[in-house]
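These protein sequences, in sequence, are chains A and B. This note's numbering runs 978 ahead of the 1-based position in the first sequence. This note's numbering runs 651 ahead of the 1-based position in the second sequence.
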Amino acid sequence: DAGITQSPRHKVTETGTPVTLRCHQTENHRYMYWYRQDPGHGLRLIHYSYGVKDTDKGEVSDGYSVSRSKTEDFLLTLESATSSQTSVYFCAISGGQIQETQYFGPGTRLLVL
Amino acid sequence: AQSVTQLGSHVSVSEGALVLLRCNYSSSVPPYLFWYVQYPNQGLQLLLKYTSAATLVKGINGFEAEFKKSETSFHLTKPSAHMSDAAEYFCAVSTYNQGGKLIFGQGTELSVKP
């Protein structure tokens, strides 16, 4: 299995509070991605990174920010959590070429009350 | 723009029966296509991928998929279902923008009856 960990694995928070999710890799892959999974929508890309301090928006980036200060860590922050951000969040890594496999972490289940 | 449609959010088969999960794509350029599987409370793992080398792609656990350009399809099949195949399956297309971002279908949940 690719060396990807996510923390926390489960979190319950209240509306309006900031939340940070962490993705850590040991594979030295250049690209890292954050997706959210919701029933009926599959997985949708939130943000991705193509190097240290290099990030870009995905399909559903509103209300989220990211940071990558080291190759191995990619942080996803919900500035002010809302109930619509209740979801399962997955981190993925790859070398970045179009044909390359993305490897996924175990996910973080977030509940916003 | 590229997109993926999976036909059927739930598919139920009997153990030993053929598994057929449907995926159609839309792309103005030759696509790279993937099938991922997700077991309960786990992340996604790659079943197989099409990267233009061969139209019939074999993957893990006895699954295979055939790329049909004329039908814009990439259906996933397995000749004989096992109970352990019960999971959610996602079809995805890799974009030509920077980073090979994946666009996923809605997912198909496969149930296998004894």
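Think of the CB as a built atom: it goes at the ideal place given N, C-alpha and C, for glycine as much as any other residue. It should be emphasised that the depicted structure is a prediction, and the values quoted were computed from it without experimental measurement.
Query - Distance CB(residue 674 of chain B)-CB(residue 657 of chain B) smaller than 8 Å - result: Residue mapping note: residue 674 of chain B aligns to position 23 of the second sequence, counting from 1. Residue mapping note: residue 657 of chain B aligns to position 6 of the second sequence, counting from 1. Cβ distance < 8 Å, so residue 674 of chain B and residue 657 of chain B count as in contact.
Query raised in the report: Per DSSP, what kind of secondary structure is residue 1051 of chain A in: helix, strand or coil?
Result: The count along the first sequence starts at 1 and reaches residue 1051 of chain A at position 73. Note: residue 1051 of chain A maps to strand in three-state DSSP.
Query raised in the report: Does DSSP classify residue 736 of chain B as helix, strand or coil?
Result: Along the second sequence, one-based indexing puts residue 736 of chain B at 85. It is helical.
Query raised in the report: Relative to chain B, which residues along the region 1046–1079 of chain A have a C-beta separation below 7 Å, given in chain order?
Result: 1068, 1072, 1074, 1075, 1076, 1077, 1078 and 1079
Query raised in the report: Can you list, in chain order, the residues of the region 1014–1034 of chain A whose Cβ is nearer than 8 Å to any Cβ on chain B?
Result: 1018, 1019, 1020, 1021, 1022, 1023, 1026, 1028 and 1034
Query raised in the report: According to DSSP, is residue 711 of chain B helix, strand or coil?
Result: The residue labelled residue 711 of chain B in the question sits at position 60 within the second sequence. In this structure, residue 711 of chain B counts as helix in the three-state DSSP scheme.
Query raised in the report: Could you check where the beta strand (DSSP E) with residue 1076 of chain A kicks off and where it finishes?
Result: For the purposes of this step, residue 1076 of chain A is taken as residue 98 along the first sequence, with counting starting at 1. Run containing residue 1076 of chain A: none; DSSP gives neither H nor E here.
Query raised in the report: For residue 671 of chain B versus residue 733 of chain B, is the C-beta spacing smaller than 8 Å?
Result: Counted from its first residue, the second sequence places residue 671 of chain B at position 20. Counted from its first residue, the second sequence places residue 733 of chain B at position 82. The answer is no: Cβ separation not under 8 Å.
Query raised in the report: How many Å lie between residue 689 of chain B and residue 763 of chain B at the Cα?
Result: Along the second sequence, read from residue 1 onward, the residue named residue 689 of chain B stands at position 38. Along the second sequence, read from residue 1 onward, the residue named residue 763 of chain B stands at position 112. Between residue 689 of chain B and residue 763 of chain B, the C-alpha separation is close to 15 Å.
Report task. Determine the direct distance from the alpha carbon of residue 682 of chain B to that of residue 1056 of chain A, and round the result to whole angstroms. Result -> Taking the first residue of the first sequence as 1, we reach residue 1056 of chain A at position 78. Taking the first residue of the second sequence as 1, we reach residue 682 of chain B at position 31. Rounded to the nearest angstrom, the two C-alpha atoms are 33 Å apart.
Query raised in the report: In the structure shown, what three-state DSSP assignment does residue 1063 of chain A receive?
Result: Stepping through the first sequence from its first residue, residue 1063 of chain A is reached at position 85. Helix, per DSSP.
Requested in this report: Identify the contact partners of residue 1085 of chain A in chain B, using a Cβ-Cβ distance below 7 Å as the criterion.
Outcome: Reading the first sequence from its first residue, position 107 is the one you call residue 1085 of chain A. Result: 694.
Report task. Could you name the residues of the region 986–1002 of chain A whose beta carbon sits closer than 8 Å to any beta carbon of chain B, in the order they occur along the chain? Result -> none
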